[in-house]
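Below you'll find the structure, written out as structure tokens, and then a few comments.
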Amino acid sequence: MNNVLLGVSGGIAAYKAVDLARRLVQRGFQVKVVMSENATRLVGPATFRAVTSNPVALSLFAEGGAPMEHISLAREADVVVVAPATANIIAKMAHGLADDLLSTTLLATRAPVLVAPAMNREMWSHPATIHNLEILKERGVVVVGPESGPLACGEEGEGRMSDPEAIAEAVLHVLGMGSLLSGVQVLVTAGGTREPIDPVRFIGNRSSGKMGYALAATAARMGAKVCLVSGPSALACPGGVDRVLVETAEEMRREVVSRAPSSRVVVMAAAVADFMPAEAVGEKIKRAGRDKLTLELVRTPDILAELGATKKDEQVLVGFAAETGDLVEKARAKMREKKVDMMVANDVSSPGSGFDSDYNRALLLFAGGREVQLDLMPKTDLAARIWEEVSSLLEGKAGR
Ligand code: CTP
Numbered sequence: 007m008n009n010v011l012l013g014v015s016g017g018i019a020a021y022k023a024v025d026l027a028r029r030l031v032q033r034g035f036q037v038k039v040v041m042s043e044n045a046t047r048l049v050g051p052a053t054f055r056a057v058t059s060n061p062v063a064l065s066l067f068a069e070g071g072a073p074m075e076h077i078s079l080a081r082e083a084d085v086v087v088v089a090p091a092t093a094n095i096i097a098k099m100a101h102g103l104a105d106d107l108l109s110t111t112l113l114a115t116r117a118p119v120l121v122a123p124a125m126n127r128e129m130w131s132h133p134a135t136i137h138n139l140e141i142l143k144e145r146g147v148v149v150v151g152p153e154s155g156p157l158a159c160g161e162e163g164e165g166r167m168s169d170p171e172a173i174a175e176a177v178l179h180v181l182g183m184g185s186l187l188s189g190v191q192v193l194v195t196a197g198g199t200r201e202p203i204d205p206v207r208f209i210g211n212r213s214s215g216k217m218g219y220a221l222a223a224t225a226a227r228m229g230a231k232v233c234l235v236s237g238p239s240a241l242a243c244p245g246g247v248d249r250v251l252v253e254t255a256e257e258m259r260r261e262v263v264s265r266a267p268s269s270r271v272v273v274m275a276a277a278v279a280d281f282m283p284a285e286a287v288g289e290k291i292k293r294a295g296r297d298k299l300t301l302e303l304v305r306t307p308d309i310l311a312e313l314g315a316t317k318k319d320e321q322v323l324v325g326f327a328a329e330t331g332d333l334v335e336k337a338r339a340k341m342r343e344k345k346v347d348m349m350v351a352n353d354v355s356s357p358g359s360g361f362d363s364d365y366n367r368a369l370l371l372f373a374g375g376r377e378v379q380l381d382l383m384p385k386t387d388l389a390a391r392i393w394e395e396v397s398s399l400l401e402g403k404a405g406r
């Protein structure tokens, strides 16, 4: 649930679509923009490119453009938003016309579609437009706005495009994400830690950070205030997320423990090293004169256990359990020991999921005894499922 395709047609409100794109990026979406030719006369494609960090698609026959781009754009979109939607593009959509990249893509997509009309009030109230919108609504297209007020043509009346924030909210509703975590302060950890052996070597692990980053991005999209404490990771900080980078388990502990009291939810998705070298040598360990090297390792702090021991009643604590074999028993034991409300358990030896994969197959275990076995799914979808469960746990605590 990550990809938004934003279709910009040629209304004066096209400049407001830049703000819409920015708001969607801030919520962690990958936004790709398709502009009609008239739209490019009103706003430069470079502006959308800068805001979305993605190339802007302009023509079915662009030099250097990907072949069959309308099909790939249509397929990869989880939701399509047309903002502003002129009377012309609404008419083309209603009747299945496909004479440029935007209209062709709209005909080729099976993703949910949302339109934000913007036009002169006479055009808006014309029977043709009214009829075309009826057709779209019957087909399940979601129509946001328009609002009443001063119009670009100098007149007053109905026809102003809705505020970008209202359109962004509508996109979340279409994706079933609503504002489930509106205003909730959450703390997520991600990635693996690195425990230094000497200035050039460390003990690390195979965690990519993908699960934690997906959790942070999804929570931001659902309206949460998100702090992400991350070990070293190649991933970019998701939009709308406040990231704190750390290296070692000790550093992660410090950053997490200091922030946990002000967080309603803490999700420990990080692969924290369990052991660290007893002493980190200040100088590079040389090979010469050694046949073998023995490192003495000592335990790192167990951050999750510490959080569990000091947890407030109204807080929700979520842990991850990476296991090989006897998944349920081992994960349940960890859940009890660390006093967490919910454990996301996965068998890291099962093919296609776990470390560095974009997919994960998880078993959700709850302190009350409930178990939910989930299918193999993209980590972004799993993140949304986890937050839905967290939101129910929060409601349960508020209701007590
Ligand atoms: N965890 C932690 N601090 C540690 C080790 C783990 O906070 N020093 C957290 C992880 O972020 C995860 C949970 O504890 O949410 C379980 O981690 P896991 O590595 O599966 O379990 P361990 O407790 O380390 O036990 P083992 O490695 O023996 O399976």
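Anchor point for the sequence shown: position 250 equals 256 in my numbering, and the numbering is continuous, going up by one each time.
Idealized CB from N, CA, C, for every residue including glycine.
> How would you call F411, buried or exposed, if buried means at least 16 neighbouring beta carbons within 10 angstroms?
Replying inline: No information on residue 411 is available, as it lies outside the stretch 7 to 406 that the chain covers here.
> Comparing alpha-carbon positions, which option in R28, S185 and A174 lies nearest W393?
Replying inline: S185
>> Check for me: the alpha helix (DSSP H) holding A89 runs from which residue to which?
In response: No alpha helix (DSSP H) holds A89; the beta strand (DSSP E) holding it covers V85 to A91.
> Count the other CB atoms within 10 Å of the CB of A225; is the residue buried (16 or more) or exposed (fewer)?
Replying inline: buried
> For the candidate residues E161, S363 and A266, whose alpha-carbon lies nearest to that of K317?
Replying inline: A266
> Near A277, which residues of its chain fall below 6 Å by C-beta distance, leaving aside the five closest residues on each side in sequence?
Replying inline: G198, N211 and S213
>> I'd like to confirm something about T195: is its beta-carbon nearer than 8 Å to some heavy atom of the ligand CTP, or not?
In response: yes
> For the 8 Å Cβ check, are there 3 or more pairs between the stretch 40-49 and the stretch 10-19?
Replying inline: yes
> Under the three-state reduction of DSSP, which class applies to K38: helix, strand or coil?
Replying inline: strand
> Which parts of the stretch 317-362 are runs of the alpha helix (DSSP H), unbroken and 4 residues or longer, counting only runs that do not cross its ends?
Replying inline: 333-344
>> Between V322 and the ligand CTP, is there a pair consisting of the residue's CB and a ligand heavy atom that are separated by less than 8 Å?
In response: no
>> Quick check: what's the CA-CA separation for R391 versus A222?
In response: 13 Å
> Counting along the chain, where does the beta strand (DSSP E) carrying T115 start and finish?
Replying inline: Per DSSP, T115 belongs to no beta strand (DSSP E) and is neither H nor E.
> Which residue's Cα is closest to the Cα of D308: A56, E343 and V192?
Replying inline: E343
>> Given 8 Å as the limit, tell me if E395 has its C-beta closer than that to any heavy atom belonging to the ligand CTP.
In response: no
>> Can you give me the C-alpha to C-alpha distance between R406 and M41, rounded to a whole angstrom?
In response: Summary for R406: the model assigns pLDDT 49, below 50, so the residue's position carries little reliability; its value from the coordinates is reported in the next sentence. In a straight line, the C-alpha of R406 is about 51 Å away from that of M41.
>> I'd like to check one pair, P123 with A91: are the Cβ atoms closer than 9 Å?
In response: yes
> Going by C-alpha distance, which of T330, A279, S269 and G155 is nearest P202?
Replying inline: A279
> Is there at least one Cβ from chain D nearer than 9 Å to R28's Cβ?
Replying inline: Considering every chain present, this structure includes no chain D. It has just one protein chain.
>> Which of the three DSSP states is assigned to A174 in this structure?
In response: helix
> Whose C-beta lies closer than 8 Å to the C-beta of R200 among residues of the same chain, with five residues either side of it excluded?
Replying inline: F208, I209, G210, G237, P238, E253, T254 and A279
> How many Å lie between E257 and E82 at the Cα?
Replying inline: 39 Å
>> Does the distance between the C-beta of I309 and the nearest non-hydrogen atom of the ligand CTP fall short of 8 Å?
In response: yes
>> Quick check on DSSP: helix, strand or coil for R406?
In response: Note on R406: pLDDT 49, under 50, position unreliable in the model; no value is reported.
> Taking Cβ to Cβ, would you say A328 is nearer than 9 Å to V354?
Replying inline: yes
> Taking the C-alpha atoms as reference points, what is the distance between L3 and R249?
Replying inline: Given a span of 7 to 406 for the chain in the structure shown, any question on residue 3 remains unanswerable.
>> For M348 and E312, which I take to be in contact (beta-carbon distance under 8 Å), what is that distance rounded to the nearest angstrom?
In response: That belief does not hold up - the Cβ atoms of M348 and E312 are roughly 18 Å apart, past 8 Å.
> Is it buried or exposed for G375, if we count other Cβ within 10 angstroms and need 16 for buried?
Replying inline: exposed
>> Tell me the residue span of the alpha helix (DSSP H) that contains N44.
In response: E43 to L48
>> Could you tell me the alpha carbon to alpha carbon distance between R28 and E285, rounded to whole angstroms?
In response: 47 Å
>> Out of L323, V322 and N352, which one is the CA nearest neighbour of K336?
In response: N352
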